[in-house]
Structure formats: C-alpha cells, structure tokens
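Worksheet: the structure to be examined is printed underneath.
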Amino acid sequence: MKTSVSLRTLVLAVVVTALVTAMVTWKASELTVEQKNRILIRQWAEANRQLDEMNRRPNRFTGISIPDLPDPDAGKPRKVSAKEAFGGGKKTEQ
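Using this note's numbering, read the sequence shown as starting at 329 and increasing by one per residue.
Below you can see the structure in the form of structure tokens.
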C-alpha cells in the first residue's frame, strides 16, 4: 500500500514539474533576462528546500535520517595543498 502512495506521489510530481516547465518555457519568450534569472533562482531555492526536507525525514528502510549519520571526515586530518603548506606562495623577506 505504501508503494502505491509513493508511486502516485511520484507521478503527480512529474506531471506538476512538466506543467511548470511548459508554462515557464511558454512565458520565457516574453520575459527579460533579469526576470528569467529571478524565476530560475526561485525554482532552485524551492528545489533545495524540498531536498533538505527529504533529507531530514528518516529513511523508510533503515529509519536513519541523513543528519543522524556520522560525519565521514570527522577525525581525519584536513588536506592541505603544497602552496598553502609553504606559505601560500608569498615571498618572505630575509
């Protein structure tokens, strides 16, 4: 039963995305570059918000949400470039 709900949700998301894309494409011919950029930034921000929201929900198979996972880089030394290690390429006075 859970699969049919998520499949329905997936289909709905695809249809809504297709409609929004078609509307934006149709309207894009009448917009200035600045207006197009504002629309794209708004859509990008909304997509990021939805992705963050999805990542906060527990995985239905493991029950673990992404913020609960340990940081894979914790305890490892930070990688330093040779340029940064030897003074960042600045000449020193002698």
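Each residue gets a CB set at the ideal place from its N, CA and C atoms; glycine is no exception.
query: How is the alpha helix (DSSP H) around R370 delimited, first residue to last?; result: 361 to 384
query: Suppose you measure from the CA of E374 to the CA of S357; what does that come to, to the nearest Å?; result: 23 Å
query: Grab the span of the alpha helix (DSSP H) containing K411 for me, first residue to last.; result: 410 to 413
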